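Its first residue numbered 322, the sequence shown is counted upward by one per residue in our numbering.
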Amino acid sequence: IINISSIAGLKAFPSVGLYCTSKPALQMLSQVMAMEVASDNIRVNLICPPVVEDTELSVPIFGEENVSEFYDNMRPLHPLDRNGKPKDVTEAAFFLASEESSWITGITLNVDGGRHLATNRSSL
């Protein structure tokens, strides 16, 4: 089982408090589930991405005229100096679903280019 959450459960983001507070609940649920189903050889892990480029959510959230500017402003906030793509998240999910991760359960995997390490204040 691979649950998808958000780095919003790891960092505080202004104006989305309810969204941010729901994400740690999914992390805890994933850990509890991992313990409950481990004896059946079922693994449960959680992936926490930030907003990634090239998704259908971008335009409704940011507006078509603002999407490019939003991602241009986000890029420097990632220590790896690039925004994520859906492929970055899916490749992590494929790994967690594979036999190569057969001894991994109950983890939270930040697939975010280091974004969870960076401040939310652009002036710092």
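A virtual CB, placed ideally from N, CA and C, is assigned to each residue, including glycine.
No experiment lies behind these values; they were computed from the predicted model shown.
When DSSP states are grouped into helix, strand and coil, Thr426 belongs to the coil group. In this structure, the straight-line span from the alpha carbon of Asp393 to that of Val373 is close to 12 Å. In the three-state scheme derived from DSSP, where H, G and I count as helix and E and B as strand, Ile325 is classed as strand. The shortest CA-to-CA distance from Pro370 to any of Ser423, Thr440, Lys344 is the one to Lys344. With fewer than 16 other Cβ atoms inside 10 Å of its own Cβ, Ile382 counts as exposed.
Counting C-beta pairs closer than 8 Å gives fewer than three between the stretch 347-356 and the stretch 390-405, which falls short of the contact rule. A direct Cα-to-Cα measurement between Ile425 and Thr411 gives close to 17 Å.
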